[in-house]
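Some notes on the structure that comes next.
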Ligand SMILES: Cc1ncc(C[n+]2csc(CCOP(=O)(O)OP(=O)(O)O)c2C)c(N)n1
Ligand SMILES: Cc1ncc(C[n+]2csc(CCOP(=O)(O)OP(=O)(O)O)c2C)c(N)n1
Ligand code: SF4
Ligand code: SF4
Ligand code: SF4
Ligand code: SF4
């Protein structure tokens with residue numbers, strides 16, 4: 470018979486004090502992450518990327534002076550998960566909202582969190598112009614190749630042949646074109662200070678992501694320009710895959726269309742990380 | 470005393486018949502260009518580019534199956550100058566309008582005519598996505614580095630240091646970023662079949678422009694993808710220059726920021742022109 | 006396959022109705038709660054050699070519609086509240102350029118991002134002018150899945166007749182609910198009047214056609230506006246409405262779309278409680294059934310307007326009645342659907 | 006330099022008025038006939054250490070305003086009809102998120118691309134809801150250059166007081182005309198109430214602030230809407246209007262903005278022709294002076310509404326008067342400015 | 194006749210399908226039906242429910258203040274919808290996964306081990322929803338059982354005869370489940 | 194007092210400035226004034242005009258159906274605005290570049306060789322507008338000449354004394370031009 | 567007839583034809599056309615060889631160029 | 567206490583921790599948590615060395631990792 474196993478919520482975070490003597494917590498929720506359980510599907514990397522952002526806010530000591538901008542997309546409730554001031558933008562306009570905040574408060578750390586529908590479809594104008602103006606903002610970009618929230622429609626980043634609810638026979642370049650590669654596209658814009666892409670598919674890649682994120686943040690804090698880290702992320706539900714399979718699919722297939730790596734790095738004195 | 474010199478309008482196009490015997494007209498208004506005098510300022514290249522487009526419509530025999538889309542910008546009245554069916558789009562949306570037309574009527578020749586405010590500022594999302602989808606349309610793009618129609622405000626293509634009515638002390642990269650180079654930006658998109666830039670500054674360059682335009686048109690007629698020719702064009706009035714000086718300024722200064730040339734050429738069997 | 010009764014979802018009925026209505030081109034951007042519309046059309050349209058394009062945004066969608074409509078095609082888009090707001094500039098252009106087309110708004114809770122629950126908060130936008138300038142769209146308000154299926158064809162027909170945009174104003178309930186409806190899977194496409202004004206390439210035509218909304222001379226633009234206004238006047242004959250049990254009613258309930266269904270149940274309950282209530286349901290919200298409401302309300306004790314909003318259509322009802330009968334309003338917002346019991350309570354209150 | 010009388014263009018007065026009103030940030034995209042607003046601010050703002058950004062579009066402008074307003078700043082944008090239409094989604098978000106800010110619409114002839122001549126065709130959009138959902142902005146209608154200068158400060162103050170967007174609804178005539186007006190070149194910035202809700206970085210605050218317009222639970226969204234509606238009710242006390250010669254008038258003319266000036270001249274001419282006419286000018290279009298109009302009209306023979314539109318505000322006047330006095334309408338569209346002589350003629354007609 | 198029902202459970206438990214079968218059956222009988230789903234803002238887990246109204250008259254509102262029958266396939270649904278049953282109405286609870294009892298005493302409550310029955314009698318927990326439908330039918334009987342069987346055959350037609358058969362079996366098992374083992378209280 | 198004037202000409206002939214000087218003068222005298230420009234949709238050439246209203250009462254409309262005075266600096270302006278002069282009103286025509294005559298006989302018409310006077314008496318055709326303003330003042334006299342001189346000094350202040358002086362000279366030349374050589378008809 | 571025919575009323579006086587005429591055959595006129603511009607004129611018809619560079623540069627398409635035909639009525643060939 | 571603490575009610579049963587655990591210390595449970603998911607459990611605590619790879623991969627931040635300290639109360643150093 471199936472039944473609930475543990476009714477108490479994440480309150481048992483502090484282990485018994487007697488044991489504290491010789492046990493130290495080496496991996497726990499970052500301070501900047503709220504206690505609220507994520508609403509994401511099982512195996513969705515939105516949660517992972519949230520955690521990494523929260524880690525960075527902790528690491529850079531930015532909790533008290535960060536303003537984050539949420540997208541419209543599955544991460545629409547991101548404001549519930551970060552312990553910093555948050556603004557819910559309209560779909561695609563996070564870079565414009567971030568511009569409004571950053572210009573008003575140049576000493577705050579301002580980030581946007583955006584999906585590929587949000588950033589690469591409806592919000593294309595806004596991200597390009599924020600990048601061209603060299604807005605001192607940091608963009609955390611989640612490329613899962615699909616519109617998750619609205620039910621799995623094709624995104625501009627969907628792979629050729631990819632089956633979605635608006636391309637049931639697979640994406641056809643003749644009528645829908647080719648996937649837009651955001652890092653490649655933005656790299657010609659001089660206001661961009663840092664651009665990188667990484668799949669969130671393994672502990673190693675997650676660590677690479679941290680390195681990239683640090684630089685994208687420094688692009689802002691060191692007043693160089695716009696920083697963006699694109700993560701290749703699974704949408705197991707809309708892809709119709711098990712979470713583990715979705716990660717393998719990224720590593721085997723998605724990276725071919727979206728090669729990982731650093732595309733722009735204008736940081737003057739890169740710190741070894 | 471100043472007075473009117475010639476009250477009759479462009480009706481004296483046919484020379485006296487006696488002289489016709491040994492005189493042949495070798496340069497005249499293309500058929501696809503209407504008789505209506507342009508409303509552009511003295512020395513503005515919008516008129517020149519219009520003529521070249523009309524020449525191409527004649528040359529390719531497209532008069533009967535062309536649909537053109539006008540921008541909002543100084544060329545807002547372009548529909549008065551071409552003898553083909555024309556649609557006035559809303560500001561920046563010509564590529565979307567063209568998509569609507571071309572998808573409806575795939576055998577028609579569809580072009581947009583757009584300024585840099587229209588295409589590179591408000592219409593950035595639409596041109597990128599039309600290019601990414603590989604719409605079979607031809608884009609005639611006029612980059613004069615300024616908003617002409619509205620009185621000389623800064624454009625995303627204005628040069629660093631350029632004085633405009635919204636950057637009276639010259640464009641400052643710290644607050645307004647760097648000029649957006651449309652050809653460079655679009656060149657990463659796989660739906661693009663042809664991309665080139667040329668200054669409209671001399672008979673020689675005008676002839677180069679013709680060559681580029683032919684390819685941009687063939688990109689559509691041969692079903693390869695989107696074709697775009699960017700002309701570097703003067704706006705003598707808003708630049709505060711005499712027309713001739715404005716052309717020299719392009720050749721000496723503007724081309725440094727916007728290098729002319731062909732950026733993408735996916736035509737299979739380039740015809741020597 | 007001939008038309009037959011099928012248990013059908015409102016959004017799917019709308020998509021199939023668009024096909025039956027001869028829609029040549031669909032341009033749209035996903036948004037809940039209307040996603041089945043583009044999803045169904047993304048495979049049904051190409052199958053029939055028609056056009057489906059997932060646009061990059063609603064701004065692009067409406068401008069693609071503008072292009073395809075200018076080319077003489079039956080073109081449409083579908084969206085929900087925030088997405089429709091993004092179309093306001095384009096809609097004003099379309100109205101001014103006198104292009105027939107169809108815009109579907111499956112309304113959701115607003116304002117802002119709001120929620121994806123059903124609502125009727127966009128009546129003002131649809132009927133008064135969300136875009137700039139003096140213009141109107143024909144606005145149809147279906148109340149069941151059958152009408153979700155039938156109204157696209159009607160909308161296209163009216164749009165073509167008057168060369169104006171038509172809008173179907175539905176809501177999240179109508180989009181998501183299933184009902185039996187008579188649906189033809191392969192209706193022959195309707196005959197469409199020839200569009201001699203279309204910018205579809207001259208193809209031998211002696212003159213060029215121009216589609217435009219720019220009239221720089223004030224007197225020219227005035228005249229163009231007068232022409233539009235004359236058209237809107239002429240359109241009044243297309244006013245449609247429906248009634249239930251109004252003849253002997255003391256209380257007239259006016260409601261459209263899903264509200265009208267809630268109100269119908271409310272009226273039935275009220276009659277059980279001894280209050281004679283009847284329903285008038287505007288089917289066209291523009292042109293608005295001003296006269297029918299005024300006439301119908303004339304001998305009533307009170308009028309109750311029910312909407313899923315803070316009170317929008319109620320203004321047009323008040324304008325119609327012009328003070329002759331008291332007009333009450335009951336509305337719920339944010340996706341809350343008032344129960345028939347509550348509506349019945351309001352009717353009974355009004356009767357006292 | 007102290008305030009002094011200067012011959013000033015309406016748009017320039019508006020720009021300087023924004024500065025005097027403590028505008029911290031301006032975001033805008035050029036469009037005729039308001040280009041002097043961004044042009045003046047592009048050098049006056051940075052000079053004072055304030056923010057000027059030329060946005061890439063009106064969609065971006067309104068969302069930058071959203072961001073800066075969320076950050077607790079006095080933020081504004083300025084545009085004209087088609088540009089304002091593009092802001093409708095953003096405006097609905099701002100209203101729902103309860104952010105104070107200022108939107109200026111220097112209206113031009115519509116619909117569509119229309120023309121750049123003056124018009125008042127965007128009343129519905131401004132006052133009823135061009136965006137989706139039930140929301141309102143405070144809408145101020147200046148009628149001279151002095152008010153173009155003074156209203157930005159007033160708009161910011163009211164916006165801050167009610168945490169809502171405020172709009173200044175002007176037109177091409179008011180933007181382009183020069184008049185003597187008392188302008189302070191270096192007014193001290195006004196004191197602005199502390200915005201404890203602002204998302205400006207926690208900076209020691211015990212809790213995070215969130216700016217949001219998403220309320221996914223229908224009851225939550227309902228409650229949020231009720232809160233908004235309660236606020237709109239409370240705002241009614243900010244209603245402003247002005248009258249000229251109404252006490253003994255038999256004909257009441259109601260007009261706002263530039264129309265009110267035309268109407269004032271028309272009334273004067275009518276009095277010369279022996280018809281006693283008076284003017285009521287709504288200064289706030291939202292909240293609308295419903296009561297004052299009803300009261301003022303009570304003892305009049307007829308009411309004449311004059312607008313540069315096909316008839317928009319006239320609906321609110323009719324709703325206010327509710328059938329008690331006949332209401333006539335006279336409008337011109339497309340940028341045609343009716344002459345006072347013509348208005349006088351309509352007044353005289355009404356008196357017969 | 195007007196019968197208003199809520200069917201609720203986890204996403205994946207087939208509650209929407211259950212409702213669809215009811216509405217389809219009504220259509221088979223030529224009477225009116227509406228089916229209205231309700232789900233979270235996203236595709237992501239959580240609960241799902243639908244409201245089905247059937248009537249021999251024109252159906253106005255597809256929702257109601259209270260319902261003739263509520264089917265709770267999991268515990269959150271029980272908690273959420275228990276109050277929605279009209280006094281004297283019926284409540285069915287999937288006791289296979291709901292460990293608690295209903296608290297109302299003015300309604301008829303039935304506990305059905307839908308998952309267990311589906312697993313043991315039909316060879317698949319997948320059919321728990323149709324088991325429950327059978328149980329519902331056995332206690333409310335607003336439609337002919339034959340119509341529901343026709344609906345099952347129609348709706349699962351594309352999945353092949355074996356799926357139809359196992360669902361018919363599940364329906365039958367559900368129909369008898371409460372007679373054998375009634376626990377109304 | 195209510196004086197409504199249209200000033201019209203080619204872009205570049207300074208008609209907007211002419212109007213501004215009138216409005217500024219009114220302000221100097223503490224009476225009401227409005228100045229309303231009108232120009233094509235674009236920056237590109239064509240004609241420009243402005244309407245100036247001055248009054249010792251509050252000014253309602255900044256436009257009118259007919260005008261007390263119309264100044265036509267070029268031929269298109271004459272053609273466009275001749276009908277706008279109220280019967281008995283005044284029309285001034287820049288005969289330096291307008292080769293035709295007015296056709297109205299119910300208004301006072303004056304021909305002023307504004308460009309020639311400016312060129313010969315002030316050394317620059319630039320000042321033709323101010324010459325015309327002088328001529329207008331000489332025949333309508335709604336404002337004190339001294340106020341206009343003050344306005345000239347104020348408006349051209351940033352351009353230096355020599356510009357002010359030459360404009361004052363142009364104004365004076367305009368003032369006397371019609372007395373010496375009146376051609377009202 | 568001159569080889570270079572300037573449509574006076576199309577001309578906006580931008581001077582580009584004058585600047586680009588390799589033979590210095592064109593000049594700006596002192597007079598004004600109906601629109602108020604000083605138009606270009608073929609001041610030295612004898613210098614003009616019909617090279618059409620002025621016409622190419624004229625933004626108004628305001629110049630037509632003629633060439634002498636070796637033989638009349640032989641329209642197909644243009645070797646002038 | 568175990569080195570690997572899985573918050574049962576945060577777990578959504580995605581199995582990523584199980585897949586990425588190099589020691590095969592984790593398994594999916596048969597039971598369901600309150601949200602209806604089958605959560606992961608530390609089936610073999612003895613195999614777990616606190617490498618934290620499971621925690622790194624857990625999208626829910628649902629796993630905490632502890633390490634033995636050489637000396638208690640020496641919070642600054644982490645050489646476990
Ligand atoms: C103006 C507007 N258009 C459309 C939508 C509907 N919508 C919500 S999220 C979304 C796309 C989500 O995709 P993505 O940005 O890739 O994020 P994901 O959900 O995949 O994380 C869309 C189209 C909306 N809310 N607003
Ligand atoms: C929605 C909207 N925003 C702004 C405008 C005002 N506007 C008209 S043209 C233009 C820019 C023109 O610049 P460009 O495209 O470079 O063309 P140019 O005039 O220089 O040829 C602008 C901002 C408008 N008409 N519509
Ligand atoms: S739908 Fe996709 S992107 Fe959205 S939460 Fe689920 S897995 Fe993540
Ligand atoms: S303003 Fe500039 S772009 Fe426009 S017509 Fe004049 S010169 Fe050309
Ligand atoms: S190039 Fe053309 S417009 Fe310019 S001066 Fe010569 S003829 Fe005139
Ligand atoms: S990775 Fe996290 S959510 Fe996934 S099964 Fe393991 S503990 Fe559960």
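Chains as they are written, first to last, in the numbering used here: chain A, 470 to 742; chain B, 470 to 742; chain C, 6 to 357; chain D, 6 to 357; chain E, 194 to 378; chain F, 194 to 378; chain G, 567 to 646; chain H, 567 to 646. Cβ coordinates follow ideal geometry from the N, Cα and C atoms, glycine included.
(request) Using a threshold of 8 Å, state whether the C-beta atoms of residue 126 of chain D and residue 101 of chain D are closer than that. (result) The count along the fourth chain starts at 1 and reaches residue 126 of chain D at position 121. The count along the fourth chain starts at 1 and reaches residue 101 of chain D at position 96. In this structure, residue 101 of chain D does not lie closer than 8 Å to residue 126 of chain D by Cβ.
(message) Short of 7 Å in beta carbon distance, which residues of its chain neighbour residue 235 of chain C, apart from the five on each side in sequence? Order them along the chain.
(response) Numbered from 1 along the third chain, position 230 holds the residue referred to as residue 235 of chain C. So no residue of the chain qualifies.
(request) Return the CA-CA distance between residue 618 of chain H and residue 533 of chain A, expressed in angstroms with no decimal places. (result) Locating residue 618 of chain H in the eighth chain gives position 52, where the first residue counts as 1. Locating residue 533 of chain A in the first chain gives position 64, where the first residue counts as 1. One C-alpha to the other measures close to 28 Å.
(request) Have a look at residue 158 of chain D and residue 143 of chain D and give me their C-alpha separation to the nearest angstrom. (result) Within the fourth chain, residue 158 of chain D is the residue found at index 153, counting from 1. Within the fourth chain, residue 143 of chain D is the residue found at index 138, counting from 1. Their backbone Cα atoms lie some 13 Å apart in a straight line.
(request) For chain G, find out if any of its Cβ atoms is closer than 8 Å to the Cβ of residue 644 of chain B; answer yes or no. (result) Working through the second chain from its first residue, we reach residue 644 of chain B at position 175. At a cut-off of 8 Å between beta-carbon atoms, residue 644 of chain B makes no contact with chain G.
(message) If I measure Cβ to Cβ from residue 345 of chain E and keep anything under 8 Å in the same chain, skipping five residues before and after, which residues do I get?
(response) As a working mapping, residue 345 of chain E is identified with position 152 in the fifth chain. Same-chain partners within the cutoff: 214, 323, 357, 360, 361 and 364.
(request) Note the first and the last residue of the continuous alpha helix (DSSP H) segment covering residue 52 of chain D. (result) Within the fourth chain, the letter at position 47 stands for residue 52 of chain D. Residues 41-52.
(request) Count the C-beta pairs between the region 308-316 of chain D and the region 83-103 of chain D that are closer than 8 Å, then say yes if the count reaches three, no if not. (result) No: fewer than three Cβ pairs fall under 8 Å.
(request) Give the range of the beta strand (DSSP E) segment to which residue 606 of chain H is assigned. (result) Taking the first residue of the eighth chain as position 1, residue 606 of chain H is located at position 40. Unbroken beta strand (DSSP E) run through residue 606 of chain H: 606-608.
(message) Whether or not the region 529-548 of chain B and the region 575-589 of chain B are in contact is what I'm after, with contact meaning three or more pairs of Cβ atoms, one per stretch, closer than 8 Å; do they touch?
(response) Put simply, the region 575-589 of chain B touches the region 529-548 of chain B. At least three CB pairs are less than 8 Å apart.
(message) Is it buried or exposed, residue 622 of chain A, if we count other Cβ atoms within 10 angstroms and call 16 or more buried?
(response) Position 153 of the first chain holds residue 622 of chain A. That one is buried.
(message) Nearest by alpha-carbon distance to residue 521 of chain A: which of H:613, H:614, H:615 and H:624 is it?
(response) Along the first chain, read from residue 1 onward, the residue named residue 521 of chain A stands at position 52. Minimum Cα-Cα distance from residue 521 of chain A among the listed residues H:613, H:614, H:615 and H:624 corresponds to H:624.
(request) Pick helix, strand or coil for residue 208 of chain F, following the three-state DSSP scheme. (result) Taking the sixth chain and counting its residues from 1, the one referred to as residue 208 of chain F is at position 15. Reduced to three states, the DSSP call for residue 208 of chain F is helix.
(request) Could you tell me which residues DSSP puts in a beta bridge with residue 153 of chain D? (result) By 1-based counting over the fourth chain, the position of residue 153 of chain D is 148. Looking at the DSSP assignment, residue 153 of chain D forms no beta bridge with any residue, so it has no partner.
(request) Determine the DSSP secondary structure at residue 175 of chain C, reduced to helix, strand or coil. (result) Along the third chain, read from residue 1 onward, the residue named residue 175 of chain C stands at position 170. Taken through DSSP and simplified to helix, strand or coil, residue 175 of chain C comes out as strand.
(message) Taking beta-carbon pairs under 7 Å, can you tell me which members of the region 606-623 of chain A lie near chain C?
(response) Cβ contacts with chain C come from 616, 619, 620, 622 and 623.
(request) Could you tell me which chain A residues have their CB closer than 8 Å to the CB of residue 665 of chain B, listed as they occur along the chain? (result) Residue mapping note: residue 665 of chain B aligns to position 196 of the second chain, counting from 1. Near residue 665 of chain B there are no residues of chain A at all, since even the closest Cβ is about 16 Å away, more than 8 Å.
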